[in-house]
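See below for the structure under consideration.
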Amino acid sequence: MHKKTTYLIPYMLWIGLFVIAPMALILYQSFFNISGHFTMGNYEQYLTNGVYLKMTFNSILYALIITMSTLLISYPTALLLNRLKNKQFWLLLVILPTWINLLLKTYAFIGLFSQNGSVNDFLRFVGVGSHQILFTDASFIFVAAYIEIPFMILPIFNSLAELNPSMINASRDLGANSWQTFRRVILPLTMPGVKAGFQAIFIPSLSLFMITRLIGGNRVITLGTAIEEHFLVTQNWGMGSTIGVVLILAMFVVMYLTRDRKAKGGRIQ
Amino acid sequence: MANSVIEFRQVNKSFDETKVLDEIDFEIEAGKFYTLLGPSGCGKTTILRLIAGFADATSGDILFEGQKINELPANERQVNTVFQDYALFPHLNVFENVAFGLEIRKISKTEIKTAVNEALKLVHLSDYGNREISELSGGQQQRVAIARAIVNEPKVLLLDEPLSALDHKLRKEMQGELRDLQRRLGITFIFVTHDQEEALAMSDQIFVMNAGKILQSGSPVDIYDEPINHFVADFIGESNIVPGKMQRDYVVNFDGQDFSCVDAGMKPNEAVEVVIRPEDLDIVAVDTGQVNVTVDTQLFRGVDYQISAHDKMNNEWKINSIHKTSVGQIVGLAFEPEDIHIMRYHETEDDFDARLETYE
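One line per chain: the protein sequences are A and B, in this order.
One point on numbering: in full-length UniProt numbering, the residue at position 132 of the first sequence is 132, and numbering is uninterrupted.
One point on numbering: in full-length UniProt numbering, the residue at position 20 of the second sequence is 20, and numbering is uninterrupted.
See the structure below:
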């Protein structure tokens, strides 16, 4: 019994210092205005001022678009990877870019997408002429999706790899063609992977700020950018914390919506 | 044959360099219970997978009601499978599992309901429709797997070692139920097992396989009484196999003596193997039987004693007897000429059948 508590110490320290304490501090901070007085004003402002609500809506919308586009690319990719002979090797190639620093990758895209970048060079070469690519919504979503894709492919790949192949045989045996087998057996059985990928991408996408700045050119203001702005530029820590609380609440909502719902056992009639 | 449902013609199957099936030829008639019996790795499950459409033959033809089906995808074949691991869908409940095949065929909801309930009734799971798969015991999952297959009214039902995961008592019970189900539905069953007792108890026809070949096919009685070679004799039931020499038709020599038997058609003085089943041996007083043996070990098994003994040529004899002996005791063994079965070395099934024709 004594040993067990000893093992728990690092975990408890971690949770206490880096999870509970910061959240408590954010919550505490959110009740103070810029001059240090206790107030409910921040929440009032958040809920009544259309700017913040619109920002929240935008954040959710962009995060959804990013997550859905990664899902659309990742699921077929994971399916394909699973059928390849050296699947672990091909999977490694997918994971490889995640080892490179995020900032470096973002700068690389600035180079690629700029007026005199490779993409515009190519467009001029094929005769389409140069276009404004950088600082558009499309480039923001593209780069965000590019960066997040491995985190979607991995959980889906794993759930597909765990799928018992005799499930697929059974479905075929019962008369289902490839599409019916996918829709009725493969997809429902790999939903845990999809949900894990959704969580891994949607929540961080809500608070993206670096890519919105560097690639989106601050045209897209998400909750993440707003927090950064309040803490670093306007020094309104109270309002920044309030948005932080909203973000934390959003995470809990997503976790709740994507929870494992296979706990309906015991329905005996 | 007019009523053959499935036919294999010179079917071969190789994985890379290994040959799994070697020139398999057989016909399956409608409405019978067939068993593919053999040790693991003999190719019996591969045959099932070829019929179901989960694997392709390397060469040869597979026919279903006279039509070649080598290229036909699994979902278009009129066969259904009961998988070894049941392969029930964990995200669907019992009813939804059984209804799966019918829903694919776009049958009306009311018809599905009737058919599924009937199938569940057949396997004695009437009130289990709303249960989750994870709530069922192994035996119940087994029954759901059977219901899910038969509800589609397949022409042929393939069963891949479906009872291997059940405990002894439940297995016995399911053997009887499966046999009963097959008779009632009139569907052709092709059952794969490595359990010879199971095969003997359930089948109309058994194919004994080893190393990618069908060694012998026939009714359980034929195979038990007249095994074609050492492997079959040893694999099916217990047997005493001693080397002997065929003196002439109906006379065989072993343990230094001549015995009359009911086999013929061999060359004079041909070396053969003699099979006598342990239960056909009676223990009698010394010198009053045909052979004298010395008892080496004796095991009490409840119904009888399993005795192991050796004769003067050091051949081992297994005897099942209700009478007790003692270790070291010399006893006589009595048997009739009909109890002796002679096997030639390297005889094919065709030659074996042809030889039997000459004198039976």
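Where is the CB? At the ideal position from N, CA and C, for every residue including glycine.
Using a Cβ-Cβ cut-off of 9 Å, B/I104 counts as an interface residue toward chain A, since at least one Cβ of chain A sits closer than that to its own. Between B/K324 and the set B/E316, B/P337, B/V274, B/S308, the nearest pair of CA atoms involves B/S308. Our two residues, A/L123 and A/I15, have alpha carbons roughly 51 Å apart in a direct line. With a cut-off of 8 Å on Cβ pairs, the stretch 109-123 of chain A is not in contact with the stretch 148-167 of chain A, counting fewer than three such pairs. For the stretch 165-181 of chain A, the residues whose beta carbon sits under 7 Å from a beta carbon of chain B are, in order, S166, M167, N169, A170, R172, D173, L174, G175, A176, N177, Q180.
By the beta-carbon neighbour count (other beta carbons within 10 angstroms, threshold 16), B/W317 is buried. In the DSSP assignment, the residues bridged to B/I214 are B/M209.
Secondary structure at B/Q306: strand, using DSSP grouped into helix, strand and coil. Going by beta carbons, A/R213 and B/F54 fall outside the 9 Å limit. Here the alpha carbons of B/A30 and B/F64 stand approximately 11 Å from one another. Exclusion of the five residues before and after B/I112 leaves A99, L102, E103 as the residues of its chain whose Cβ lies within less than 7 Å of its Cβ.
By the neighbour-count criterion, in which 16 or more other beta carbons inside 10 Å mark a residue as buried, A/F89 falls on the exposed side. Scanning chain B for C-beta atoms nearer than 7 Å to the C-beta of A/P10 yields nothing, as the closest lies near 35 Å away. Residue burial is scored here from C-beta neighbours: A/V253 has fewer than 16 other C-beta atoms within 10 angstroms and is therefore classed as exposed. DSSP places A/L174 in the coil class of the three-state scheme, outside both helix and strand. Per DSSP, A/P22 lies in no beta strand (DSSP E); the unbroken alpha helix (DSSP H) holding it starts and ends at 21-29. Fully enclosed beta strand (DSSP E) runs of no fewer than 3 residues occupy 291-300, 305-310, 316-321, 330-334, 341-344 of the stretch 284-360 of chain B, in order along the chain. As the crow flies, the alpha-carbon of B/M313 is around 11 Å from that of B/T294.
Counting along the chain, no beta strand (DSSP E) covers B/M202; the unbroken alpha helix (DSSP H) around it starts and ends at 196-202. Contact with chain A is absent for B/R184, since none of that chain's Cβ atoms lies less than 9 Å from the residue's Cβ. Taking all protein chains in view, the Cβ of A/W99 is surrounded by fewer than 16 other Cβ atoms within 10 Å, so the residue is classified as exposed. B/A87 has its alpha-carbon roughly 20 Å from the corresponding atom of B/H124. When 7 Å is used as the limit between beta carbons, A/L160 is near no residue of chain B, the shortest such separation being about 15 Å. About 5 Å separates the CB atoms of A/P150 and A/V94; that is less than 8 Å, so the two are in contact.
Look at A/R83: its C-beta is not under 9 Å from any C-beta on chain B. Boundaries of the alpha helix (DSSP H) around B/R183: 168-185. Among the residues facing chain B, A/L189 is included, as its CB has a counterpart in that chain under 9 Å away. Across the set A/Y7, A/A170, A/T242, the C-alpha of A/T242 shows the shortest separation from the C-alpha of A/Y46. In this structure the stretch 218-229 of chain B touches the stretch 197-208 of chain B; the number of beta carbon pairs closer than 8 Å is three or more. Here B/N269 is not near B/P154, since their CB atoms are 9 Å or more apart. Fully enclosed alpha helix (DSSP H) runs of no fewer than 4 residues occupy 237-257 of the stretch 233-261 of chain A, in order along the chain. Taken residue by residue, none of the stretch 20-48 of chain B has a beta-carbon sitting less than 9 Å from a beta-carbon on chain A. When only Cα atoms are considered, A/I9 and A/Y28 end up about 26 Å apart. For B/Y34, the enclosing beta strand (DSSP E) covers residues 33-37.
Neighbours of A/V185 across chain B, judged by C-beta separation under 7 Å: F89.
Non-local beta-carbon contacts of B/E279 in its own chain, meaning distances under 7 Å to residues more than five positions away in sequence, involve N320 in chain order.
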